[in-house]
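Using this note's numbering, the first residue of the sequence shown is number 371, and each one after it goes up by one. Notes to accompany the following structure.
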Amino acid sequence: MYLEYYLKCLGYSNIPSFLIKYLEVPSLLRLKKVGYFCGMDYASKDIYNFREYISRYDHSLTVSLIVYKLTNNKIFTLAGLFHDIATPCFSHVIDYMNKDFEKQESTEEYTEDILRNDNYLLKCLKEDNINIDDIINFKKYPIVDNDRPKVCADRIDGVILTGIGWTKNISKEDIKKVVQDIHIYINEYSEEEIGFKSLNIAKKVLEVSKSIDFYCHSKEDNYMMDLLSQITKLAIDKNYIRYEELYTYNEEELFNIFKESNDKELNLLIWQFENIKKEEIPNIELPKVKTRDLKPIVNGTRIE
Numbered sequence: 371m372y373l374e375y376y377l378k379c380l381g382y383s384n385i386p387s388f389l390i391k392y393l394e395v396p397s398l399l400r401l402k403k404v405g406y407f408c409g410m411d412y413a414s415k416d417i418y419n420f421r422e423y424i425s426r427y428d429h430s431l432t433v434s435l436i437v438y439k440l441t442n443n444k445i446f447t448l449a450g451l452f453h454d455i456a457t458p459c460f461s462h463v464i465d466y467m468n469k470d471f472e473k474q475e476s477t478e479e480y481t482e483d484i485l486r487n488d489n490y491l492l493k494c495l496k497e498d499n500i501n502i503d504d505i506i507n508f509k510k511y512p513i514v515d516n517d518r519p520k521v522c523a524d525r526i527d528g529v530i531l532t533g534i535g536w537t538k539n540i541s542k543e544d545i546k547k548v549v550q551d552i553h554i555y556i557n558e559y560s561e562e563e564i565g566f567k568s569l570n571i572a573k574k575v576l577e578v579s580k581s582i583d584f585y586c587h588s589k590e591d592n593y594m595m596d597l598l599s600q601i602t603k604l605a606i607d608k609n610y611i612r613y614e615e616l617y618t619y620n621e622e623e624l625f626n627i628f629k630e631s632n633d634k635e636l637n638l639l640i641w642q643f644e645n646i647k648k649e650e651i652p653n654i655e656l657p658k659v660k661t662r663d664l665k666p667i668v669n670g671t672r673i674e
């Protein structure tokens, strides 16, 4: 399994002792059944054929391990671990539902509420004398998150995980080399930024990133993302679920609720979502979705 190998490269077998208890935070554990690929694990296998299941929990863990590997900083690492805590079921599908196609950040508003209301997390932070305010706004740590086309742990990890599961154009040897090659540089804005020591490794990351951008701008992906957003909105409009429950249920629970409703309109859309063939995807006007451009730093200099 590629994910298992990736974790090995990040030193998961020797995980920092302080981090272990945080991996049991209840609001984080929910993300084990929130897929990294926006609910498409349940979609037609003619459209999506993922190599292996990857969850938002997996992504949270690998981001935190990248951050710790590069910084040895507990606060930065925890900010990385909890950066996706407000991910709803179906992830960016909900941004589609909210018409936030380009930035895809409409769901991040619940981050603070979720963290402040997790009593187990609060207990862990108190034991370690860490202020919760220091991990809520992960965007203030550029190693964890920054604006494109800059590179950060979230972005590097996204390229690797998507290359593993969806585009399938990253090898185990590539993964190992990327993990070994990443380094912190000071960029032209006097900020810390993750870059690469080797041009060849940076080019491989760019190759995978461009293929991801191609997949995410395809008519098939946009149609399926929009279809699941229609399903979710219909379930909310018909009061089978509340919008807030997208942040408390997991994806398996939601699909069970949808199907057990025995609602003909809802079940027809679900049947289409699960069974549509590639040749049946209509030509649609594509929304202006997020562009995944990268201009990484290589050996101290940003490349174009």
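For glycine and all other residues, C-beta sits at the position ideal for the given N, C-alpha and C.
Do you know whose CA, among Lys634, Asp596, Asp551 and Arg612, lies nearest Glu655's CA? Asp596
Three Cβ pairs or more, each shorter than 8 Å: is that satisfied between the stretch 599-616 and the stretch 564-577? no
Measuring CB to CB, does Asp454 end up less than 8 Å from Arg486? no
According to the neighbour-count rule (16 or more other Cβ atoms, all chains shown, within 10 Å of its Cβ), is Glu674 buried or exposed? exposed
Who are His553's beta bridge partners in DSSP? Gly565
Could you compute how far the alpha carbon of Glu561 sits from the alpha carbon of Leu399? 32 Å
Host alpha helix (DSSP H) of Lys496 (start-end): Asn489 to Glu497
Does the stretch 545-553 come within contact of the stretch 499-508, defined as at least 3 CB pairs closer than 8 Å? no
Would you check if the stretch 427-436 and the stretch 452-466 touch, i.e. whether three or more CB-CB distances between them fall below 8 Å? yes
Extent of the continuous alpha helix (DSSP H) run through Phe508: Neither: Phe508 is in no alpha helix (DSSP H) and is coded neither H nor E.
Chain-order list of residues whose beta-carbon lies under 6 Å from that of Tyr376 (same chain, five-residue window excluded): Ile545
Cβ shell of Thr481 (< 7 Å), same chain only, five flanking positions each side left out: Ile455, Ala456 and Ile506
Return yes when the Cβ of Val463 is within less than 8 Å of the Cβ of Cys379, no when it is not. no
Taking the alpha-carbon positions, what's the Glu422 to Met371 distance? 8 Å
At least 3 beta-carbon pairs within less than 8 Å: the stretch 628-637 vs the stretch 606-615: yes
Under 8 Å between C-beta atoms of Glu563 and Lys509: no
Phe584 and Pro666 closer than 8 Å at C-beta: no
Closest Cα partner of Leu639 within the set Leu389, Ser599 and Pro386: Ser599
In or out: Leu569 buried (at least 16 other Cβ within 10 Å) or exposed? exposed
Compare the C-alpha of Ser579 against each of Tyr559, Lys589 and Asn539 and name the closest. Asn539
Could you name the residues that DSSP lists as bridge partners for Thr671? Val668
Kindly provide the ranges of any alpha helix (DSSP H) runs that are 4 or more residues long and lie completely inside the stretch 582-638, ordered along the chain. 589-607 and 621-630
What three-state label does DSSP hand Ser425 in the structure shown? strand
On a Cα-Cα basis, can you pick out the residue from Glu543, Ile526 and Ala413 that is closest to Glu590? Ala413
Looking only at its chain, what residues have a beta carbon closer than 6 Å to the beta carbon of Asn516, apart from the 5 residues adjacent to it on each side? Cys522
Coarse secondary structure for Gly405, derived from DSSP in three states: strand
Does the Cβ-Cβ distance between Ala388 and Lys444 come in under 8 Å? Contrary to the premise, residue 388 reads as Phe rather than Ala in this sequence. Yes, the pair counts as a contact, with Cβ atoms nearer than the cut-off.
Interface flag, Gly409 vs chain D, CB-CB below 8 Å: Here chain D cannot be found, since the structure has a single protein chain.
List the endpoints of the continuous alpha helix (DSSP H) containing Ile390. Ser387 to Ile390
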